[in-house]
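Colleague: Once you've had a glance at the structure underneath, I'll fire off some questions.
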Ligand SMILES: [Zn+2]
Ligand SMILES: [Zn+2]
């Protein structure tokens with residue numbers, strides 16, 4: 006499992022769960038408030054799992070480089086419960102396909118949390134010197150251009166991401182022979 010497949014799988018799983026909750030609401034098993042509260046809680050926990058994927062991925066790179074794996078930072082996601090609840094309510098009130106929008110929200114939240122968590126974790130580890138762009142399997146032209154034949158970006162520079170981008174920084178380390 007790679008960063009990309011893990012994040013995609015989490016996004017898919019979260020989408021399925023939130024869709025299931027919506028179906029329960031539509032069939033009368035859950036009131037709207039129950040749906041909204043449960044869906045928001047689901048999204049917050051999915052965000053935390055997204056961050057955990059990032060920390061695990063980074064730990065894997067330390068291991069590959071023969072370095073001691075640093076203790077997890079246990080990064081807190083800045084969960085905006087209010088914001089999520091509002092997003093869910095907006096979707097439910099809109100005329101557009103609710104399931105499609107809920108799935109899109111779940112996928113986007115997971116990707117955001119994983120991507121932001123990765124960036125924060127990178128900056129927290131002093132051993133990391135820089136990173137190359139780890140392209141996702143469907144990398145667009147811009148992302149491939151930003152790869153720049155394996156150019157090493159400085160660790161302090163945030164990696165450019167865009168909606169739907171599952172590229173991730175592949176760290177290079179201080180005092181480790183490259184190649
Ligand atoms: Zn791209
Ligand atoms: Zn990308």
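Residue numbers (this note's numbering): 6 to 184. Even glycine gets a Cβ: it sits at the ideal position worked out from N, Cα and C. In this text, all values refer to a predicted model and were calculated from it rather than measured experimentally.
Around the C-beta of residue 59, are 16 or more other C-beta atoms found within 10 angstroms, so that it is buried, or is it exposed?
Modeller: Taking the first residue of the chain shown as position 1, residue 59 is located at position 54. Label assigned to residue 59: buried.
Colleague: In the DSSP assignment, what residue or residues form a beta bridge with residue 108?
Modeller: Locating residue 108 in the chain shown gives position 103, counting from the first residue. Bridge partners of residue 108: none, in fact.
Colleague: Just reading off the alpha helix (DSSP H) that residue 130 is part of, what are its end residues?
Modeller: Numbered from its first residue, the chain shown carries residue 130 at position 125. Premise fails: residue 130 is in no alpha helix (DSSP H) and is neither H nor E.
Colleague: Can we count residue 167 as close to ligand 1, meaning its CB is less than 7 angstroms from some heavy atom?
Modeller: Looking up residue 167 in the chain shown gives position 162. Checking the Cβ of residue 167 against ligand 1 gives yes.
Colleague: Considering only residues of the same chain and omitting the five flanking positions on each side of residue 179, which have a CB-CB separation below 7 angstroms?
Modeller: Locating residue 179 in the chain shown gives position 174, counting from the first residue. The residues are 132, 134.
Colleague: Can you list, in chain order, the residues of its chain with a C-beta nearer than 6 angstroms to that of residue 138? Leave out the 5 residues immediately preceding and following it.
Modeller: The residue labelled residue 138 in the question sits at position 133 within the chain shown. The residues are 151, 152, 172.
Colleague: To the nearest whole angstrom, what separates the beta carbons of residue 16 and residue 164, a pair I think is in contact under 8 angstroms?
Modeller: For the purposes of this step, residue 16 is taken as residue 11 along the chain shown, with counting starting at 1. For the purposes of this step, residue 164 is taken as residue 159 along the chain shown, with counting starting at 1. Actually they do not touch by this definition, with Cβ atoms about 19 angstroms apart.
Colleague: Can the beta-carbon of residue 90 be found closer than 8 angstroms to that of residue 43?
Modeller: The residue you call residue 90 lines up with position 85 of the chain shown. The residue you call residue 43 lines up with position 38 of the chain shown. Taking 8 angstroms as the Cβ cut-off, residue 90 and residue 43 do not qualify as a contacting pair.
Colleague: Give the single residue among 177, 144, 92, 146 whose Cα lies nearest to the Cα of residue 160.
Modeller: By 1-based counting over the chain shown, the position of residue 160 is 155. Nearest option by C-alpha distance: 177.
Colleague: Could you please go through the chain and list the residues whose beta-carbon is closer than 6 angstroms to any non-hydrogen atom of ligand 2?
Modeller: The set, ordered by position in the chain, is 141, 144, 148, 170, 172.
Colleague: Spatial neighbours of residue 55 within its chain, please: C-beta separation below 7 angstroms, excluding the five flanking residues on both sides.
Modeller: On the chain shown, residue 55 is found 50 positions in, with the first residue counted as 1. Excluding positions up to five away in sequence, the list reads 12, 15, 115, 118, 119, 122.
Colleague: Can you tell me whether residue 166 is helix, strand or coil according to DSSP?
Modeller: In the chain shown, the residue the question calls residue 166 occupies position 161. Residue 166: coil per DSSP, three-state reduction.
Colleague: What's the call for residue 19, buried or exposed, on a 16-neighbour Cβ count within 10 Å?
Modeller: Residue 19 sits at position 14 when you count from the first residue of the chain shown. Residue 19 comes out buried.
Colleague: Any contact between the stretch 24 to 35 and the stretch 91 to 107? By contact I mean 3 or more CB pairs, one from each, below 8 angstroms.
Modeller: These segments touch.
Colleague: Grab me the residues of residue 51's own chain with a C-beta within less than 6 angstroms of its C-beta, minus the 5 sequence neighbours each way, in chain order.
Modeller: Start at 1 with the first residue of the chain shown, and residue 51 comes out as number 46. Cβ neighbours of residue 51 beyond the five flanking positions: 19, 115.
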